[in-house]
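A short worksheet on the structure shown next.
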Amino acid sequence: MRCSLYVSGCPFKCPDCYNAAAQSFRYGKPYTDELEEQILADLAMPYVAGLSLVGGEPMLSTPILVPLVKRVREQFGDEKDVWIWTGYTYEQLLAETSDKRELLEMCDVVVDGPFVKRLYHHDLAFRGSRNQRIIDLRASRDTHGDLEAEPAIWSSGRRDSEGTVPFLKPAAPKS
Ligand code: SF4
Numbered sequence: 002m003r004c005s006l007y008v009s010g011c012p013f014k015c016p017d018c019y020n021a022a023a024q025s026f027r028y029g030k031p032y033t034d035e036l037e038e039q040i041l042a043d044l045a046m047p048y049v050a051g052l053s054l055v056g057g058e059p060m061l062s063t064p065i066l067v068p069l070v071k072r073v074r075e076q077f078g079d080e081k082d083v084w085i086w087t088g089y090t091y092e093q094l095l096a097e098t099s100d101k102r103e104l105l106e107m108c109d110v111v112v113d114g115p116f117v118k119r120l121y122h123h124d125l126a127f128r129g130s131r132n133q134r135i136i137d138l139r140a141s142r143d144t145h146g147d148l149e150a151e152p153a154i155w156s157s158g159r160r161d162s163e164g165t166v167p168f169l170k171p172a173a174p175k176s
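Counting in my numbering, the sequence shown runs from 2 upward without gaps.
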């Protein structure tokens, strides 16, 4: 089970967007201190594996998400993983403003790129279209020491015949 935060506002306007209402920057409810405390409380539950940041476009809400993910890391270390879905590509994000890179640096996995309807396939795991990549940021950092090098892309982004999908190895709990 995961805790998911849906962030409003997205400029990509992909045809057949899975959450078209959230393209508006005026959609949804204001983010509050109470909501942030609820997110941290939910993450503390042993059956919650991590936090999913989805949209809209989370990379345009870094003033909210950078402090939130910092708190998640301070409180849980690597025990809970953080995934982020973005319409930007990994390469665009690395060339973008420092806030986007700062958020990327604290996440474990990014699913990148816009949804492209003609590349949709129903059995893709964690993504809607084949152009989108599941990039293991933790593996990229562990292998190369930074995010500049070739990203570590999951080779199997599809469900297998039994409907299962690969998952990150859980981090050892902090002592
Ligand atoms: S990037 Fe995602 S949220 Fe934004 S329009 Fe495309 S599918 Fe919708």
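Just so you know, even glycine gets a beta-carbon here, dropped at the ideal spot from N, CA and C.
**Helix, strand or coil at residue 137 [DSSP, three-state]** = Residue state for residue 137 is assigned as strand, using DSSP reduced to three classes.
**Prompt:** Any heavy atom of the ligand SF4 within a distance shorter than 8 angstroms of the CB on residue 29?
**Reply:** Not one heavy atom of the ligand SF4 sits closer than 8 angstroms to the Cβ of residue 29.
**Message:** When you measure from the CB of residue 19 to every non-hydrogen atom of the ligand SF4, does any distance come out below 8 angstroms?
**Reply:** Residue 19: yes, Cβ under 8 angstroms from the ligand SF4.
**Asked** Quick one: is residue 170 buried, meaning 16 or more other Cβ sit within 10 Å of its Cβ, or exposed?
**Response** Any reading at residue 170 needs caution, since the residue's pLDDT is 47, under 50, leaving its predicted position unreliable; the model's value is listed next. The residue is exposed, with fewer than 16 neighbouring Cβ atoms inside 10 Å.
**Exposure of residue 147, with buried meaning 16 or more beta-carbon neighbours within 10 Å** = Classification for residue 147: exposed.
**Request:** Specify whether the segment 73-86 and the segment 20-31 touch according to this definition: at least 3 beta carbon pairs, one from each stretch, less than 8 angstroms apart.
**Result:** Three or more beta-carbon pairs separated by less than 8 angstroms are not found between the segment 73-86 and the segment 20-31, which leaves the two stretches without contact.
**Reference residue 113; option with closest CA among 127, 103 and 100** = Distance from the Cα of residue 113 is smallest, within the candidate group 127, 103 and 100, for 127.
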